[in-house]
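*Asks:* Position 183 of the sequence shown, counted from 1, bears residue number 185 in the working numbering, the numbering being contiguous throughout.
Note that CB positions come from ideal geometry on N, CA and C, so glycine has one too.
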Amino acid sequence: MDVHEEVRETAAAIDTMETRGAAAIADAAARALRTQARASDADSPEEFRAELRAAARLLFATRPTAVSLPNALRYVLHGLAGETVEELHASVERTADDFCVRLDRAQSDLGQVGANRLRDGDVVMTHCHSTDALACVESAVDQGKALEAIVKETRPRNQGHITAEELDAMGVPVTLVVDSAARHYLNDVDHVLVGADSIAADGSVINKIGTSGLAVNARDRGTPVMVAAQTLKLHPATLTGHTVDIELRDTEEVIDATHRERIGDPKVVNPAFDVTPPRYVDAIVTERGQFPPESIVTLMRELFGEGTTRPWEEP
Ligand code: RI2
3 MDVHEEVRET AAAIDTMETR GAAAIADAAA RALRTQARAS DADSPEEFRA ELRAAARLLF
63 ATRPTAVSLP NALRYVLHGL AGETVEELHA SVERTADDFC VRLDRAQSDL GQVGANRLRD
123 GDVVMTHCHS TDALACVESA VDQGKALEAI VKETRPRNQG HITAEELDAM GVPVTLVVDS
183 AARHYLNDVD HVLVGADSIA ADGSVINKIG TSGLAVNARD RGTPVMVAAQ TLKLHPATLT
243 GHTVDIELRD TEEVIDATHR ERIGDPKVVN PAFDVTPPRY VDAIVTERGQ FPPESIVTLM
303 RELFGEGTTR PWEEP
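1. Shorter than 7 Å, the distance from the beta carbon of THR133 to the closest heavy atom of ligand 1, or not?
2. Going by beta-carbon coordinates alone, are HIS6 and THR37 separated by less than 8 Å?
3. For the structure I just gave you, are there three or more beta carbon pairs, one from the stretch 176-191 and one from the stretch 293-302, closer than 8 Å?
4. Cβ of ARG262 within 8 Å of Cβ of VAL270?
5. How should VAL180 be labelled, buried or exposed, when 16 other C-beta atoms within 10 angstroms of its C-beta is the threshold for buried?
6. In terms of residues, what are the limits of the beta strand (DSSP E) holding GLU150?
7. Beta-carbon within less than 6 Å of THR240's beta-carbon, same chain only, minus the 5 sequence neighbours each way: which residues are those?
8. Whole alpha helix (DSSP H) runs in the stretch 84-172 with 4 or more residues, listed along the chain?
9. Looking only at C-alpha atoms, which of LEU250, ILE298, TRP314, LYS235 sits nearest to ALA24?
10. Pull the bridge partners of THR278 from the DSSP assignment, please.
11. Less than 7 Å between the CB of CYS102 and some heavy atom of ligand 1, yes or no?
12. Are there three or more Cβ pairs, one per stretch, closer than 8 Å when the stretch 100-120 is compared with the stretch 245-257?
13. Look at the Cβ atom of LEU149, then the Cβ atom of ASP124, and state whether they are nearer than 8 Å.
14. Please name the residue in GLN232, ALA184, THR225 whose C-alpha comes closest to that of ASP193.
15. Check whether the Cβ atoms of ILE16 and SER70 lie closer than 8 Å to each other.
Given below as structure tokens:
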């Protein structure tokens, strides 16, 4: 039983962040399971299911923080149905397609909700690169609102540059600033607008490192913080007391080995995400409407029940 080469390539692309962003990771994972199903030469339904589980385990192991990844795998594996290999294959095709269509629709529905919070002439400050957050801006621009953006570069990988490029393509004037300049400009900002990799049951937002400091500063300045996150970002395991793993990435993203050596070889750590407590967040914007963070638990229960399974593990 083999995990298909293309699935391995997808897993490697997620691992190296060639494929990145919580929504894009989920989309790639669902497509990879479909690839595995298409390529399968399993002789029995048991073998087919085992192949799918092995592929899902490989994908699951790539990045720990974005819950959209296990949520996508769960969605497809829960859709497995049939008595024969052919029927099982058809069910994966159906469910993976359905998942990707829902993902796109959720982002555009969420964008419209978020756009309603933005007024003509507003300035938004962004952190990192979030397709959910940008969907709100795009929808507001489509409504004819003129927006401006102050874009944080977002060290260590400078993913703010992707945001700057995409805002520019939408016709939104961009001012790029270093991360530490954020507070300096908050008085000129009407909304802090960020995405999320995971949202916990208490309404805490797990997003790119630096989000929590930005949110605390925004609260101090009286600037509202809006988190754009499809319900796929809700982390159901937090309903039962689990915490969200924070990914530690390669220290070379922070400083290369030669320079590090030159400055006395200090210890370097590179956490990719942080946790913003709900009291610093004004609204979580989803495709189901906007929620105060403290009430997100109700939506989480409605969508996921009391907890989650791990269908990729061996029975
Ligand atoms: P969308 C990204 O993480 C950022 O933290 C971003 O806010 C979040 O995913 C959500 O992105 P990374 O994969 O799903 O760049 O909104 O580490 O695109």
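*Replies:* Let me lay it out:
1. yes
2. yes
3. no
4. yes
5. exposed
6. 150-154
7. ALA202, ALA203
8. 87-119, 133-144, 162-171
9. LYS235
10. VAL207
11. no
12. no
13. yes
14. Sequence check: residue 193 is His here, not Asp. Of the listed residues, the one whose Cα sits closest to HIS193 is THR225.
15. no
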